[in-house]
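Every position in the sequence shown, counted from 1, becomes a number in my numbering once 28 is added.
All C-beta atoms in this analysis are idealised placements derived from N, C-alpha and C, irrespective of residue type, glycine included.
Quantities reported herein were computed from a predicted structural model and do not represent experimental measurements.
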Amino acid sequence: MATLVITIRLDDSGSGLELNDGQSNGPHITTRAAKRDTIKWKLIPNSGIDELLEIQIKDFDVFEQAPSRQPDGSLIGQIGDYPEGTTANYAISYSVNGRQQVHDPKILIRA
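Dropping the structure here:
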């Protein structure tokens, strides 16, 4: 069981997110996580984002429990016991200048 940290900042255009999970970076990444890994979504300081609001499940829930807010403002969730190759679309809900926005990356369960 590992902890994967996805760092988040506002993209250069100010209209979306730039994500980095240590394996890939960009606006549309697929984070590769193993069963029971913990994923932590964390803002980069001075990222242009007010706060992370929540992780929303879109089609298939790969989390053991719903991701929760931590005292430092990050969000954390643990991957459940799902077969290798399972892919889930999810949404990162965040606010910029008081307006809620949503960004849609993916998680892929690996061996």
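Exposure of residue i, with buried meaning 16 or more beta-carbon neighbours within 10 Å
{"i": "residue 59", "result": "buried"}
{"i": "residue 49", "result": "buried"}
{"i": "residue 135", "result": "buried"}
{"i": "residue 61", "result": "buried"}
{"i": "residue 72", "result": "exposed"}
Nearest to residue i (by Cα), restricted to the options the options
{"i": "residue 122", "options": "57, 77, 46 and 54", "result": "77"}
{"i": "residue 42", "options": "102, 125 and 137", "result": "125"}
{"i": "residue 105", "options": "63, 128, 52 and 37", "result": "63"}
{"i": "residue 54", "options": "70, 110, 37 and 74", "result": "37"}
CB of residue i within 8 Å of CB of residue j, strictly
{"i": "residue 107", "j": "residue 67", "result": "yes"}
{"i": "residue 93", "j": "residue 118", "result": "no"}
{"i": "residue 39", "j": "residue 32", "result": "no"}
Contacting residues, own chain, Cβ-Cβ under 8 Å from residue i (five flanking each side not counted)
{"i": "residue 86", "result": "116, 117, 118, 119 and 132"}
{"i": "residue 112", "result": "137, 138 and 139"}
{"i": "residue 96", "result": "103, 104 and 105"}
Per DSSP, cross-strand counterpart(s) of residue i
{"i": "residue 98", "result": "DSSP lists no partner for residue 98."}
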